[in-house]
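Working notes, structure below.
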Amino acid sequence: MIEFQSVFHAFEDVPVLEDVSLTIDDGEFVLLAGANGSGKTTLLRHCNGLLTPDSGSVLVDGTPVADDLIAARSRVGMVFQHPRDQFVAATVGADIAFGPENLGLEREEINRRVAAALEAVNMTGREDDRIEALSGGEQSRVAIAGALAMDPTHLVLDEPFTGLDEPARRSVLERLESLSADGTGILLATHDLRDVSALADRVIAMRDGRVAVDGPLEDALGDLEDLAVRVPDR
Ligand SMILES: Nc1ncnc2c1ncn2[C@@H]1O[C@H](COP(=O)(O)OP(=O)(O)OP(=O)(O)O)[C@@H](O)[C@H]1O
1 MIEFQSVFHA
11 FEDVPVLEDV
21 SLTIDDGEFV
31 LLAGANGSGK
41 TTLLRHCNGL
51 LTPDSGSVLV
61 DGTPVADDLI
71 AARSRVGMVF
81 QHPRDQFVAA
91 TVGADIAFGP
101 ENLGLEREEI
111 NRRVAAALEA
121 VNMTGREDDR
131 IEALSGGEQS
141 RVAIAGALAM
151 DPTHLVLDEP
161 FTGLDEPARR
171 SVLERLESLS
181 ADGTGILLAT
191 HDLRDVSALA
201 DRVIAMRDGR
211 VAVDGPLEDA
221 LGDLEDLAVR
231 VPDR
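Quick note on UniProt numbering: the sequence shown kicks off at 1 and runs consecutively.
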């Protein structure tokens with residue numbers, strides 16, 4: 001479970017998160033919506049300690065993130081909006097293997113996880129490709145694969161479908177759906193709820209750093225339209 005307890009965060013005295021309280025349960029698939037600048041990325045970066053609250057707490061499975069960063073980072077898989085920030089190796093296979101290697105897993109298990117993660121993003125057999133030679137969409141898929149290979153208990157994704165072609169998007173969505181069914185909590189930030197709405201248990205929408213909407217999508221549609229979020233046709 002990921003829990004925000006009355007979290008405040010400011011950048012240079014400008015408040016960006018104000019009194020954010022929410023819980024993502026295991027196996028719950030939650031969409032995080034809101035206009036540009038409403039605080040989505042800032043919220044996501046608190047889930048594994050990339051940012052720390054000015055006041056309030058963020059807990060992962062009951063432990064404050066700030067008390068055990070390593071535990072939070074092994075439990076919460078993070079996919080950034082700009083995947084270039086995320087790579088640590090020159091080739092696809094080496095990059096995806098990096099996290100599982102740090103967990104001290106056996107080579108056979110690492111190879112299995114890399115292959116499964118590549119399959120999930122429709123890139124089977126691309127282990128030896130150089131990351132810098134990949135297209136933007138392919139790099140996004142490698143970033144998602146890197147998070148999947150950690151087998152995290154929670155996945156936090158910031159606009160993961162930007163630049164993905166249709167087969168890749170569908171493949172990633174299917175993988176997220178099955179992970180959620182198996183108990184992985186998923187928090188996915190997006191401006192566009194149309195593609196993912198069928199999977200989501202709940203939508204949280206931010207307005208000016210505050211949670212403006214939190215509930216099942218069907219209850220929230222009217223409010224979401226006011227928040228510059230693309231919603232499915234009714
Ligand atoms: N490192 C930073 N330093 C100063 N201000 C920042 C920083 N990061 C974010 N902000 C500001 O915080 C506010 C919220 O930004 P954030 O990236 O969380 O919004 P967002 O909802 O994810 O937006 P988008 O939909 O455009 O990705 C913005 O006004 C932004 O300019």
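Cβ atoms here follow ideal geometry from the backbone N, Cα and C, with glycine treated the same way.
Quick one: grab the DSSP three-state call for residue 174. helix
Assuming residue 186 and residue 173 are in contact, meaning their beta carbons sit under 8 angstroms apart, how far apart are those beta carbons, in whole angstroms? With 8 angstroms as the limit, residue 186 and residue 173 do not qualify as a contact, their Cβ atoms being about 11 angstroms apart.
Answer with buried or exposed for residue 179, where buried requires no fewer than 16 other C-beta atoms within 10 angstroms of its C-beta. buried
Is residue 15 helix, strand or coil by DSSP? strand
Count the CB pairs spanning the stretch 208-225 and the stretch 34-41 that are closer than 8 angstroms, and state whether there are at least three. yes
With a threshold of 8 angstroms on Cβ separation, who are the neighbours of residue 98 within its own chain once the five nearest residues in sequence on each side are excluded? If the five residues before and after residue 98 are omitted, its C-beta is found closer than 8 angstroms to the C-beta atoms of 88, 89 and 146, all from its own chain and listed in chain order.
Could you tell me the alpha carbon to alpha carbon distance between residue 120 and residue 184, rounded to whole angstroms? 15 angstroms
Apart from the five residues just before and just after residue 235, which ones in its own chain have a Cβ nearer than 8 angstroms to its Cβ? As shown, the chain starts at 1 and ends at 234. That puts residue 235 outside it, with no answer to give.
From this set, 26, 13, 82 and 59, which residue's C-alpha is nearest residue 20's C-alpha? 59
Determine the extent of the alpha helix (DSSP H) in which residue 155 is found, giving its start and end residues. Residue 155 -> not in any alpha helix (DSSP H); beta strand (DSSP E) instead, spanning 154-158.
Among 219, 197, 83 and 104, which one has its Cα closest to the Cα of residue 162? 83
Check whether the Cβ atoms of residue 33 and residue 205 sit closer than 8 angstroms, and answer yes or no. yes
Terminal residues of the continuous alpha helix (DSSP H) containing residue 96? 92-102
I'd like to know whether the C-beta atoms of residue 152 and residue 75 end up nearer to each other than 8 angstroms. yes
Restricting to Cα atoms, I'd like to know which of 112, 81 and 110 is closest to residue 141. 81
Would the beta-carbon of residue 78 fall within 8 angstroms of that of residue 48? Closer than 8 angstroms, so yes.
If you compare alpha carbons, which of 11, 170 and 223 is closest to residue 123? 170
Pairwise C-alpha distance: residue 26 and residue 154: 7 angstroms
From 72, 61 and 35, pick the residue whose C-alpha is nearest to that of residue 52; which is it? In terms of Cα proximity to residue 52, the closest of 72, 61 and 35 is 72.
What do you reckon, are the CB atoms on residue 149 and residue 113 nearer than 8 angstroms? yes
For residue 110 and residue 100, the rounded distance between their alpha carbons: CA-to-CA, the gap between residue 100 and residue 110 works out to about 6 angstroms.
Would you kindly check if the distance between the Cβ of residue 189 and the Cβ of residue 158 is under 8 angstroms? Contact flag set, yes.
Same chain only: Cβ atoms within 8 angstroms of residue 22, ignoring 5 sequence neighbours per side: 3, 4, 204, 211 and 214
Under the three-state DSSP convention, the category residue 163 falls into: When DSSP states are grouped into helix, strand and coil, residue 163 belongs to the coil group.
Taking just the CA atoms, how far does residue 12 sit from residue 131? 35 angstroms
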